[in-house]
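Here is the structure we will look at, set down as structure tokens.
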């Protein structure tokens, strides 16, 4: 099972990359708001991370302590940076998706059944809340500077609380879109815009400040209120939003990480 969960994690990250258009984000067809990376950069990173997700699933299945998971994550970040020439493509996913993979594996080892996505999210908080809140932070990272400057919670707090944005926004949106008959790519796009609309995305704050974050959230809400990805011209609408994001150098990377996590959570229910 660790190998299957690890492969599914990589497949979920690939599904996020392949989804297009995505405002401000890298796709197989454009760089979004990024000058230093493209789809090939992400693919090199994914190749380097394959072993990490299998290893953290195996660690989770044996109820490994948080320091062991953290060391796996540190090693994965080194592998990513080596593969990309120092470019951060998946640091957020190494953390969030890694914890979810470990939690899913641990639940499966106890029950011998596939847990639902909400249970996996809750398990992260149950298993590792205190360790997450006590873990050292890099005070010089973009995310930590934005947390201090704007007083918003980061991904560590999300994880310690059992990922409420995944439980309350991303998973319900993805599941509802698929039940409504949307194709996978449209369902992923719908979920991404729901996340942008409702998340204090630290990447958006870093690139655009409060004004940039509000612009992105308004743009996402306008798209959703008009019918979202159920509209026949949803791709054209997202392309126009993407042009506006690129003009402002906005990139909702935190929302993209959560999208990949939601994709994993939804798919692992069927393993």
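Numbering (the working numbering), first residue to last: 10 to 280. In this text, a Cβ means the ideal position worked out from N, Cα and C, and glycines have one as well.
Measuring CB to CB, does residue i end up less than 8 Å from residue j?
{"i": "residue 204", "j": "residue 267", "result": "yes"}
{"i": "residue 184", "j": "residue 206", "result": "no"}
{"i": "residue 99", "j": "residue 22", "result": "yes"}
{"i": "residue 108", "j": "residue 280", "result": "no"}
{"i": "residue 75", "j": "residue 164", "result": "no"}
{"i": "residue 66", "j": "residue 111", "result": "yes"}
{"i": "residue 42", "j": "residue 259", "result": "yes"}
{"i": "residue 186", "j": "residue 123", "result": "no"}
{"i": "residue 263", "j": "residue 211", "result": "yes"}
{"i": "residue 113", "j": "residue 180", "result": "no"}
{"i": "residue 10", "j": "residue 115", "result": "no"}
{"i": "residue 228", "j": "residue 253", "result": "yes"}
{"i": "residue 25", "j": "residue 269", "result": "yes"}
Of the choices the options, whose alpha-carbon is the least far from that of residue i?
{"i": "residue 102", "options": "272, 276 and 279", "result": "272"}
{"i": "residue 222", "options": "16, 257 and 240", "result": "257"}
{"i": "residue 250", "options": "202, 50 and 173", "result": "202"}
{"i": "residue 97", "options": "190, 25, 137 and 50", "result": "50"}
{"i": "residue 64", "options": "106, 270, 182 and 261", "result": "106"}
{"i": "residue 172", "options": "188, 81 and 141", "result": "141"}
{"i": "residue 166", "options": "236, 209, 81 and 29", "result": "209"}
{"i": "residue 247", "options": "137, 114 and 33", "result": "33"}
{"i": "residue 12", "options": "68, 275, 29 and 269", "result": "68"}
{"i": "residue 52", "options": "274, 27 and 261", "result": "27"}
{"i": "residue 188", "options": "136, 80, 275 and 170", "result": "275"}
{"i": "residue 224", "options": "255, 95, 29 and 83", "result": "255"}
Cα separation between residue i and residue j?
{"i": "residue 231", "j": "residue 120", "result": "43 Å"}
{"i": "residue 46", "j": "residue 35", "result": "8 Å"}
{"i": "residue 168", "j": "residue 144", "result": "12 Å"}
{"i": "residue 20", "j": "residue 217", "result": "30 Å"}
{"i": "residue 234", "j": "residue 78", "result": "41 Å"}
{"i": "residue 48", "j": "residue 60", "result": "20 Å"}
{"i": "residue 71", "j": "residue 86", "result": "22 Å"}
{"i": "residue 44", "j": "residue 177", "result": "33 Å"}
{"i": "residue 278", "j": "residue 182", "result": "16 Å"}
{"i": "residue 162", "j": "residue 243", "result": "31 Å"}
Helix, strand or coil for residue i, going by three-state DSSP, please let me know.
{"i": "residue 34", "result": "coil"}
{"i": "residue 258", "result": "coil"}
{"i": "residue 212", "result": "helix"}
{"i": "residue 252", "result": "helix"}
{"i": "residue 205", "result": "helix"}
{"i": "residue 78", "result": "helix"}
{"i": "residue 240", "result": "coil"}
{"i": "residue 20", "result": "helix"}
{"i": "residue 71", "result": "coil"}
{"i": "residue 173", "result": "helix"}
{"i": "residue 83", "result": "helix"}
TODO: Flag this pair as touching only if the region 183 to 202 and the region 127 to 146 have three or more C-beta atom pairs under 8 Å; answer yes or no.
DONE: no
- [ ] Answer yes if the region 83 to 90 comes into contact with the region 130 to 144, meaning at least three C-beta pairs across the two stretches below 8 Å, and no otherwise.
- [x] Output reads no: the region 83 to 90 does not touch the region 130 to 144.
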